[in-house]
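Its first residue numbered 1, the sequence shown is counted upward by one per residue in UniProt numbering.
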Amino acid sequence: MWLVAQLPIRFQWWLGKMVGLLAWKLAKSRRHITEVNIRLCFPELNEQQQTALVRNAFIANGIGLMELGIAWFRNPAKLTGMTRIHGIEHFEKALEAGKGVLLLGGHYSTLDLGGSLVTEYIEADVMQRDHNNPLMNAVMTRARGRRYGTVLGARDLRGLFRSLKKNRAVWYATDQDYGRKDIVFAPFFGIPTGTITATSRIAERSGCKVVPFSHFRRDDKPGYDIYFHPALENFPSGDDLDDATRTNAVIEQEIRKAPDQYLWMHRRFKTRPDREDPGFYGRKRKE
């Protein structure tokens, strides 16, 4: 990864495309999950369009794998010349409230590089789930520690509240399936989806502002766009389902800007409202 990170970015994108296409051909289980997710979330597309989106999603995430090397082993500051920031005034306004900012992000293919680029414009901490591989986890944590003020474990709520109390911004994502604990089933692309309620609890206890943000790779030429949006108003509302519906809608809106650049390989709809429901990802299930 270190060696690849030293290559010109256009060549890295090409190499990432080749890796993505290879995974599309060979990683049948992940392709199946992606196909199911695309079929569920984009029923308006015909079969050919859905197939193309699945293929493009593997390409985008293959490029994202190359970008991990840039985020971990190079100085992303060198990419600021090809990075555009949109709506940073919304973040600055939220920070003025003095209660900290929860940056509501998502698992886009530019995950680490986008996060590293963000720290060129704002100061932020990050919450992460440790990698199962100890070596990968050590490299990832060290690299993120260089870019972010503090790297917090996924369950380090005390550390999170300490950061918010210091009026810090914390990168935080809610868009994966974490099981049945402390969730509601809120619509995501029209599908009842297990969504954690922790976002509401954190905002209620800390008084922080929740600011949606996203980051995408440009299609026309090497470059990146980072988006900040106005802080969610009247959040939390006191209704967990309503709050989860709002956060899901925000993430869905961002995904639709570049649908192929989302992590569709994750079983987002694994946990179903009915425990007896076999789910969507069984090999034999077509509908």
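Glycine residues also receive a C-beta, built at the ideal position from the N, C-alpha and C atoms.
As the structure is a computational prediction, the values presented were derived from the model and not from experiment.
Residue i, buried or exposed, once every other Cβ within 10 Å from all chains shown has been counted against 16
| i | result |
| --- | --- |
| W2 | exposed |
| T51 | exposed |
| E67 | buried |
| M18 | exposed |
| L103 | buried |
| L111 | buried |
| A77 | exposed |
| D182 | exposed |
| R144 | buried |
| Q12 | buried |
| L117 | buried |
Distance between residue j and residue i (C-alpha atoms, nearest Å)
| i | j | result |
| --- | --- | --- |
| T83 | R10 | 15 angstroms |
| G190 | A71 | 34 angstroms |
| R30 | E233 | 37 angstroms |
| G223 | S109 | 14 angstroms |
| K221 | S206 | 41 angstroms |
| K270 | E254 | 22 angstroms |
| G81 | N75 | 13 angstroms |
| R55 | E89 | 36 angstroms |
| P278 | E92 | 45 angstroms |
| W14 | L113 | 17 angstroms |
| Q261 | R218 | 10 angstroms |
| E287 | P43 | Caution is warranted here: a pLDDT of 40 is assigned to E287, below 50, making its placement in the model unreliable, and no coordinate value can be reported. |
| Q6 | T141 | 20 angstroms |
| E47 | A249 | 25 angstroms |
Bridge-paired residues (DSSP) for residue i
| i | result |
| --- | --- |
| G62 | BP columns for G62 are empty, so no partner. |
| K209 | V101 |
| Y262 | Y108 |
| F280 | Answer is none; F280 lacks a bridge partner. |
| P187 | P192 |
| Y178 | For Y178, which the question treats as bridged, DSSP gives no partner whatsoever. |
From the options, residue whose alpha carbon lies closest to that of residue i
| i | options | result |
| --- | --- | --- |
| R155 | D130, A258, K166, G145 | D130 |
| A94 | A231, E276, G279 | A231 |
| H266 | G64, H107, L26 | H107 |
| I226 | Q6, S214, V151 | S214 |
| L79 | Y121, Q261, A97 | Y121 |
| R146 | K181, P8, F73, D182 | F73 |
| W24 | L53, F42, A203 | L53 |
| K166 | N61, L22, K99, F185 | K99 |
| residue 288 | M136, N37, T34 | Since the first residue shown for the chain is 1 and the last is 287, residue 288 is missing from the structure and cannot be characterised. |
| C208 | L164, V250, T245 | L164 |
Practice problem: Say whether the stretch 188-208 touches the stretch 239-246, bearing in mind that this needs 3 or more beta-carbon pairs closer than 8 angstroms, one atom from each stretch. | Solution: Under the three-pair Cβ rule at 8 angstroms, the stretch 188-208 counts as touching the stretch 239-246.
Quiz item: Counting pairs of beta carbons, one from the stretch 111-126 and one from the stretch 146-162, are three or more of them closer than 8 angstroms?
Solution: Enough Cβ pairs lie closer than 8 angstroms, so yes.
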